Structures are given as structure tokens and as C-alpha cells.
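Enquirer:
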């Protein structure tokens with residue numbers, strides 16, 4: 001494994017989670033934290049022993065300071081601009097049932113949405129082991145979209161491997177707009193992640209299907225449409241059913257783990273981090289999938305967007321137990 005870091009960038013927000021199941025119109029207590037897909041991945045990578053750098057913007061406020069402190073405290077190299085003209089974005093999470101939640105975003109015009117190409121210093125992209133982006137960032141604003149384009153161009157020019165998690169958020173853009181923007185980003189990726197419906201969304205001529213089952217009906221046809229030349233690595237996330245990888249014209253399936261779900265938010269990011277941690281080590285697809293599925297499963301067993309991200313020792317214990325999250 002190279003000593004060069006994985007580089008990721010995007011918005012992290014303050015997060016307020018209801019203290020119990022119920023609408024925030026009635027819940028009287030709440031938990032204050034932070035969350036954002038890219039920092040979720042960064043923290044998970046750091047706990048797995050992978051050097052990682054996160055670039056973002058925060059407001060000159062309490063939530064911004066909390067974000068920098070928390071992420072840096074997890075061993076991530078934080079390169080966060082403090083934007084004195086905009087506030088840190090905010091997420092509210094309502095617990096709607098056992099293992100289910102509803103998330104509301106207050107991020108229009110936020111500091112994180114004002115990410116600019118100049119925020120990415122010379123050399124960071126060029127010297128990275130891998131660059132990881134999500135489909136969230138380019139939908140935040142015009143400047144965030146241009147930042148992603150700039151980073152992708154720099155990675156391509158330097159021969160740096162590019163990872164993209166489609167991670168489509170319907171609240172950020174209508175389907176037809178997102179399909180074009182995310183299709184452009186995903187089209188540059190060496191390594192692509194997404195659920196069947198997200199991948200169908202960025203397939204040539206595709207739009208997001210209205211039913212997961214329609215997209216999952218023929219995963220083989222879907223990934224071949226995304227990579228007709230067989231030159232990329234496409235990872236299809238299927239939740240508790242596991243995952244499928246398409247590489248070099250071959251499909252590899254791996255089963256998931258059945259666990260008692262407490263909170264699914266962040267599980268996809270932990271899955272991605274698990275896969276990327278194996279990728280920078282040069283592991284086989286099968287070994288990367290095994291770690292990714294275990295990381296995603298462990299994340300589901302505790303609340304929080306990133307707090308339950310496992311270490312290698314915790315993963316070993318989980319797998320040694322046969323995937324049983326209860327240690328006796």
C-alpha cells in the first residue's frame with residue numbers, strides 16, 4: 001500500500017437527531033452531531049488504517065468548529081476553509097421506526113455548498129493514492145460542480161485513480177438534471193459505486209427507475225451498459241442482499257450479513273470505505289467485497305452516521321463470530 005492518502009471532498013453538516021422515535025414536532029430531546037457522506041467515508045478509512053484527506057468548507061460558527069474538531073480527531077487530514085459569509089449546513093433526522101429515519105436538509109447557500117476549485121491546493125490531487133467523490137457534491141451549486149470537474153481533470157491528467165459513489169439525492173435536483181450531471185461525473189470513474197436504481201440513473205440514456213426491482217432485474221445488462229469496454233470496476237450495492245462487482249467482463253457476487261438494524265444511515269459510506277481500503281492495498285475483488293459487506297453490516301448495528309465505523313480488529317471479531325453482532 002502506498003503512503004499517499006485517499007483524497008475526498010464535499011459538504012459536512014451539523015446533525016440533529018431526535019432522541020426517540022417520533023416526529024420532531026413532538027420529540028422533546030435530541031442529539032447534536034455531524035454528518036456528511038465524504039467525511040463518513042474519510043473517518044471509516046482512517047479507522048481502517050488508510051491515510052485520508054478531506055477538503056471542505058464550514059461556517060465561522062459552532063457547528064463548523066465541531067466538524068473540524070470531530071473529523072480531525074479521527075485522524076483525518078482536514079483541509080477546511082472557514083467561510084465567514086455563510087453558515088454551516090444542517091441536517092435534521094427524525095427516527096420513524098426501528099432502523100428507519102427521515103432526513104431533512106438545510107444547506108442552500110451553506111458554506112459547504114460554496115466549495116471552489118481554489119480550495120483544492122496544488123499537489124493534493126496529483127499526489128493522492130485515489131480520489132473519491134460522490135454525486136452529492138456536484139448538485140450542491142455551480143461552484144461545487146466546477147470544483148468536481150476541476151478535480152476530475154487533475155486526477156485524469158496525473159493518472160490518479162478516481163472513485164465515484166453516485167449517491168443520488170432527489171432533494172438536490174430533479175431526475176433529468178441529476179442524470180446529466182451525475183452521468184458526466186460517473187463517466188470519468190475508474191471505480192463506481194451505486195445501488196441498482198442509482199446506476200440505472202447514470203447509465204447512457206437512463207433516468208432513475210421508479211422501482212428498485214426494475215433496476216435489479218438484470219444487473220449484468222446494467223453494468224455492461226455502463227462499461228461496454230470492460231475497463232472499469234462497478235460495484236452494485238444491494239444492502240442486506242450483499243453486493244455485486246463487475247470487472248474485466250466478469251460478475252462477482254458476495255452475500256450480505258443479517259443483523260438487527262438500529263440505523264442504516266452511513267452504512268453505504270462504510271461499505272464504500274471498506275472496499276476502498278482493500279483497493280489501495282491491491283486486494284482481490286472477493287476480499288474487498290468481504291470487507292465492504294462487513295463494514296456496512298457493522299454500521300447498521302449502532303446509531304450515528306459514522307460513529308460505529310469499525311476498526312480491523314472489530315471487523316475480525318464480527319467475521320469470526322459468523323457475522324453475529326452480539327459478542328458473548
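Numbering (UniProt numbering), first residue to last: 1 to 328. Using N, Cα and C, we set each Cβ at its ideal position, and we do this for glycine too. For clarity, every value in this text was computed on a predicted model and none was experimentally measured.
I need the DSSP call for residue 88, collapsed to helix, strand or coil.
Expert: Reduced to three states, the DSSP call for residue 88 is coil.
Enquirer: Hey, how far is the Cα of residue 186 from the Cα of residue 61?
Expert: 34 Å
Enquirer: Let me check you understand the geometry: is the CB of residue 174 closer than 7 Å to at least one non-hydrogen atom of the ligand MG?
Expert: The ligand MG is absent from the structure shown, which contains no ligands of any kind.
Enquirer: With 16 other CB atoms within 10 Å as the buried threshold, where does residue 288 fall?
Expert: buried
Enquirer: Cα separation between residue 107 and residue 282?
Expert: 37 Å
Enquirer: Indicate the three-state DSSP secondary structure (helix, strand or coil) for residue 9 in the structure shown.
Expert: strand
Enquirer: Tell me the DSSP secondary structure of residue 251 in three-state form.
Expert: Reduced to three states, the DSSP call for residue 251 is strand.
Enquirer: CA-CA distance, residue 5 and residue 314?
Expert: Computed Cα separation, rounded: 23 Å.
Enquirer: Tell me whether residue 171 is buried or exposed, calling it buried when 16 or more other Cβ atoms sit within 10 Å of its Cβ.
Expert: exposed
Enquirer: Assuming residue 130 contacts residue 163 under a Cβ cut-off of 8 Å, what Cβ separation, rounded to an integer in Å, is found between them?
Expert: 6 Å
Enquirer: Suppose only complete runs of 4+ residues qualify. What are the alpha helix (DSSP H) ranges in the region 41-77, listed by chain order?
Expert: 62-73
Enquirer: Can you name the residues that DSSP bridges to residue 287?
Expert: Looking at the DSSP assignment, residue 287 forms no beta bridge with any residue, so it has no partner.
Enquirer: Going by DSSP, name the residue or residues bridged to residue 177.
Expert: DSSP, once it has assigned bridges, lists no residue as partnering residue 177.
Enquirer: Could you check the C-alpha separation between residue 193 and residue 29 for me, to the nearest Å?
Expert: Put simply, the backbone Cα of residue 193 is about 36 Å away from that of residue 29.
Enquirer: I need the boundaries of the alpha helix (DSSP H) containing residue 277, first residue and last residue.
Expert: 267-280
Enquirer: Verify whether the separation of the beta carbon atoms of residue 243 and residue 293 is less than 8 Å.
Expert: In terms of Cβ geometry, residue 243 and residue 293 form a close pair [threshold 8 Å].
Enquirer: Would you call the CB atoms of residue 66 and residue 34 closer than 8 Å?
Expert: yes
Enquirer: Does residue 4 come out as helix, strand or coil in the three-state DSSP assignment?
Expert: coil
Enquirer: Would you decide whether residue 310 is buried or exposed? Buried here means 16 or more other CB atoms lie within 10 Å of its CB.
Expert: buried
Enquirer: Between the Cα of residue 96 and those of 50, 231 and 19, spot the shortest distance and give me the residue it belongs to.
Expert: 19
Enquirer: Taking 7 Å as the limit between beta carbons, can you name the residues of its chain near residue 239, skipping five residues before and five after?
Expert: 256
Enquirer: Determine contact between the region 38-52 and the region 270-278, defined as no fewer than three beta-carbon pairs at a distance below 8 Å.
Expert: yes
Enquirer: Going by beta carbon distance, what residues of the same chain come within less than 7 Å of residue 143, once the five residues before and after it are set aside?
Expert: 114, 115 and 116
Enquirer: To the nearest angstrom, how far is it from the Cα of residue 159 to the Cα of residue 132?
Expert: 14 Å
Enquirer: Look up residue 107 in the DSSP assignment and say whether it is helix, strand or coil.
Expert: coil
Enquirer: For residue 59 versus residue 17, is the C-beta distance shorter than 8 Å?
Expert: no
Enquirer: Looking only at DSSP bridge pairs, what is residue 99 linked to?
Expert: Per DSSP, 263.
Enquirer: On the three-state DSSP scale, how would you describe residue 154?
Expert: helix
Enquirer: Within 10 Å of its beta-carbon, does residue 233 have 16 or more other beta-carbons around it, so buried, or fewer, so exposed?
Expert: Buried: at least 16 other Cβ atoms inside 10 Å.
Enquirer: How should residue 83 be labelled, buried or exposed, when 16 other C-beta atoms within 10 angstroms of its C-beta is the threshold for buried?
Expert: When all chains shown are included, residue 83 counts as buried.
Enquirer: Which residue marks the beginning of the beta strand (DSSP E) containing residue 235, and which one marks its end?
Expert: 233-237
Enquirer: Below 8 Å between beta carbons: does that hold for residue 180 and residue 112?
Expert: no
Enquirer: So, for residue 331: in the same chain, excluding its five sequence neighbours on each side, which residues have a beta-carbon less than 8 Å away from its beta-carbon?
Expert: Since the first and last residues shown for the chain are 1 and 328, residue 331 lies out of range.
Enquirer: Are the beta-carbon atoms of residue 262 and residue 300 separated by less than 8 Å?
Expert: One thing to note: residue 262 has its Cβ within 8 Å of the Cβ of residue 300.
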